[in-house]
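S.K.: Provided herewith is a single structure, encoded as structure tokens, for subsequent inquiry.
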Amino acid sequence: MTRKELFENIKKKQSFLCVGLDTDLKKIPEHLLKEEDPIFAFNKAIIDATAPYCVAYKPNLAFYEAFGVKGMIAFEKTVKYLKENYPDQFIIADAKRGDIGNTSKMYARTFFGEYDVDALTVAPYMGEDSVTPFLESLTPALSKGEGATKNHWVILLALTSNKGSFDFQLTEDKDGERLFEKVIRKSQEWGNDENMMYVVGATRGEMFKDIRKVAPKAFLLVPGIGAQGGSLEEVCKYGMIDDCGLIVNSSRAIIYADNTENFATVAGEKAKEVQQQMALLVERLEIRQIYIKVEFSAEMIAGLIGGTVVGDPKVTVNNFAKIEEGKSGCISFLANDKYEQYIYDTESSIVLVNSNFEPKQEIKATLIKVDNAREAVAKLLQIYESMKPKRQGISELAFIDPTAKIGKDCYIGPFVAIAEGVEIGDGCVFHPHVTVGRNAKVGNNTEIYSNAVIYHDCKVGNNCILHAGCVIGADGFGFQQTEAGYIKIPQIGIAVIEDDVEIGANTCVDRAVMGETIVHKGVKLDNLVQIAHNDEIGCHTVMSAQVGIAGSTKVGEWCMFGGQVGIAGHATIADKTMAGAQAGIPNSIKKPGTAVQGTPAIDARTFWKSSALFKNLYQMWADMNDMKKEIKVLKEELAAKK
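First residue of the sequence shown: 86, per this note's numbering; consecutive thereafter.
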């Protein structure tokens, strides 16, 4: 199995789980001991139950050799059963072989020739001549008995999880290099990332950072998850690379999870639990993979955005960075004078600047001068985003009702639930755990992130983006007070999201009591925004965080609302109204282009002038009291004279 084939299977299964077949007759269910070959009977049942959730199996040869010829027959039957019934599984013979050249050559012939397993664990501590015979057997297309004709792998022991690893593997030389690091570094002179992996114990999760420094692209076989207490999250945090680069093994926690006649079913359930954790990690990995690195020269970028190059027009970049965090190969921008100090030291290769920028000292980076640097960056980011390859395919772990209609070239991730009668347009992307209720409709090229919910009968248009946790079409807050309490008013309308709308995380657009709640074309809603029942939001209106619009309110086009703006129900807000942060709007605003702020909201300029006086309010009050006292004294003096 090639590296590419292995990764394709990881993506298909949404799993990088390896099930260790450490089959011990003392631990298998008693009823299997009556079988002619109890070891194979146990293995077969475990394989049938766990195969949908893993990509590899690892028989540990010690558990088979312990029973002599019978044990090795059981091993051979296990390998043959996997090849005939589950040919997509990666088979690892965990034999930990390694000896002088001729002996190693015979071991290689045994496992890669006779048994034709995909991979063999090898102990590298006798050096190069004990390992190269295994590697040499991988490349020639040799006849049966001399080697195998397909791609095989050597898996070298690097850093194990047992206590004894401290005796040798973690010892340092005079330069501070540990023995396991030296083994990995040296062994890369013998093989490569297409034929050599490394065993790294999961109980040393924090050391995966060090492993990746010396083996940045190698696949790692990781034992220790489950019964030995290794953390899957920690292993993936430090060890996962662009094509996963991990095969994580679990043995006892899966195969011995139950010792009754129900053992295989329980093993399957345990394997599924691990696979479901892995599915989310593979999802993140696939998202990361989408970001392709295409290099652009300064002159190409200038042509795209209408800029002028100052410096080397041939310098290239393939990523973006903030100017204060610039790195070679990145493009940054300077649009705010407060950040000018960073342009003189930034490591970024290219910096976009406004056309009127004149440096005060020498700059290492190539400059591209444009009319508006911030606008130019936005355009470049749009181009960069458009070059991502679209994800496609439907996960086996998604639930889609047979009556639902799914368009062409869609991606439906794990644990997405699509109910009866739903219609999904072409090119949509649904991330894990999205829920779409019955008879709902979603247009073309819409992307919906994890845990977003579209309720029954609601409509979402083309080219929309719904972020994580947003809810479209939940019931509005409708209740009738009675002497006995509150009676719920059924919300029988729907919510309609038109084209090119973006809705932030955990934002709610409630369904109408009757009719429709409508968010018109081009609207942009930030996180934590509340749109109540029967509201209508005009085209291209934008709302920042925690804006709340009460029911039956009509908001015009091209309005801009700052954070925490609140609007009372049944109001009408004119086009191009601007409301500053925390403005409370109790009534309609009828004049287009009005700017308001404060609570209750008043003309913004009046509010700003009033705000300037607020800080002096106490002193004004004190001065007024003094004046009152003086006036009282004057009045008393005048009265005495009379």
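C-beta atoms are modelled at their ideal positions from N, C-alpha and C, and glycine is treated no differently.
Please return the same chain residues whose Cβ sits closer than 7 Å to the Cβ of Glu213, not counting the five positions on each side in sequence.
M.R.: Same-chain partners within the cutoff: Trp275.
S.K.: So what's Arg523 in DSSP terms, helix, strand or just coil?
M.R.: Arg523 falls in the coil class under three-state DSSP.
S.K.: What do you reckon, are the CB atoms on Ile557 and Ile539 nearer than 9 Å?
M.R.: Cβ distance < 9 Å, so Ile557 and Ile539 count as in contact.
S.K.: Does DSSP put Thr217 in a helix, in a strand, or in coil?
M.R.: DSSP places Thr217 in helix when its eight states are reduced to three.
S.K.: Looking only at its chain, what residues have a beta carbon closer than 7 Å to the beta carbon of Ser629, apart from the 5 residues adjacent to it on each side?
M.R.: Once the five neighbours on either side are set aside, the close Cβ partners of Ser629 are Asp611, Phe646, Gly647 and Gly648.
S.K.: I'd like to check one pair, Val650 with Ala666: are the Cβ atoms closer than 9 Å?
M.R.: Taking 9 Å as the Cβ cut-off, Ala666 and Val650 qualify as a contacting pair.
S.K.: Select from Met599, Lys271, Val333 and Gly353 the residue whose C-alpha is nearest the C-alpha of Ala342.
M.R.: The residue with the shortest Cα to Cα distance from Ala342 is Gly353.
S.K.: How should Cys434 be labelled, buried or exposed, when 16 other C-beta atoms within 10 angstroms of its C-beta is the threshold for buried?
M.R.: According to the sequence provided, residue 434 is Ser. The question's Cys does not apply to it. With 16 or more Cβ atoms within 10 Å of its Cβ, Ser434 is classed as buried.
S.K.: What residue ranges within the region 131-213 form continuous alpha helix (DSSP H) runs of no fewer than 4 residues, ordered along the chain?
M.R.: Listed in chain order, they are 147-150, 153-170 and 186-193.
S.K.: Under 7 Å Cβ to Cβ from Leu102, same chain only, skipping five residues before and after it: list those, please.
M.R.: Contacts found: Tyr138, Cys139, Val140, Val333, Ser335, Ala356, Val359, Gln360 and Met363.
S.K.: Going by DSSP, what residue range makes up the alpha helix (DSSP H) through Lys694?
M.R.: Start and end: Ala689 to Phe699.
S.K.: Quick check on DSSP: helix, strand or coil for Thr662?
M.R.: In the structure shown, Thr662 sits in coil (DSSP, three-state: anything other than H, G, I, E or B).
S.K.: Kindly identify the DSSP beta-bridge partner or partners of Tyr496.
M.R.: Gly478 and Val514, per the DSSP bridge assignment.
S.K.: Taking the alpha carbon of Leu117 as the reference point, which residue from Thr345, Val320, Ile503 and Ala537 has its own alpha carbon closest?
M.R.: The candidate whose alpha carbon is nearest that of Leu117 is Thr345.
S.K.: Whose C-beta lies closer than 6 Å to the C-beta of Glu532 among residues of the same chain, with five residues either side of it excluded?
M.R.: Here the set comprises Val514 and Ile550.
S.K.: Give the straight-line distance between the Cα atoms of Ile509 and Phe564, rounded to the nearest whole angstrom.
M.R.: Near 33 Å, if we compare the C-alpha coordinates of Phe564 and Ile509.
S.K.: By how many angstroms is the C-alpha of Lys714 removed from the C-alpha of Leu723?
M.R.: The straight-line gap from Cα to Cα measures roughly 14 Å.
S.K.: CB-CB under 6 Å to Lys229, same chain, minus the five flanking residues each way: which ones, in chain order?
M.R.: In this prediction, Lys229 scores a pLDDT of 39, lower than 50, which makes its location untrustworthy; the coordinate-derived value is nonetheless stated afterwards. None.
S.K.: Which same chain residues, not among the five before or five after Pro114, have their C-beta less than 7 Å away from its C-beta?
M.R.: Asn344, Thr345, Glu346 and Phe348.
S.K.: Is the beta carbon of Val614 sitting closer than 9 Å to the one on Gly641?
M.R.: The answer is no: Cβ separation not under 9 Å.
S.K.: At a Cβ threshold of 9 Å, is Thr245 touching chain C?
M.R.: Among the chains of the structure shown, chain C does not appear; only one protein chain is present.
S.K.: For Ile670, does the three-state DSSP call read helix, strand or coil?
M.R.: Looking at Ile670 - three-state DSSP - the assignment turns out to be strand.
S.K.: Unbroken alpha helix (DSSP H) runs of length 4 or more, entirely within the region 284-357: which are they?
M.R.: Entirely contained in the region 284-357, the alpha helix (DSSP H) runs reaching 4 residues are, in chain order, 293-299, 317-324 and 337-340.
S.K.: Would Asp422 be called buried (16 or more neighbouring beta carbons within 10 Å of its own) or exposed?
M.R.: When all chains shown are included, Asp422 counts as exposed.
S.K.: Quick one: grab the DSSP three-state call for Glu432.
M.R.: If DSSP states are grouped into helix, strand and coil, Glu432 belongs with coil.
S.K.: Throw me the rounded Cβ distance for the Gly498 and Asp511 pair, which I believe falls under 8 Å.
M.R.: Not really, about 17 Å apart at Cβ, beyond 8 Å.
S.K.: List the endpoints of the continuous beta strand (DSSP E) containing Tyr571.
M.R.: Its beta strand (DSSP E) spans residues Gly570 to Lys573.
S.K.: Within a Cβ cutoff of 6 Å, which residues of the same chain sit near Gly607, ignoring the five residues on either side of it in sequence?
M.R.: Excluding residues within five positions, the ones whose Cβ falls inside 6 Å are Asp585, Cys624 and His625.
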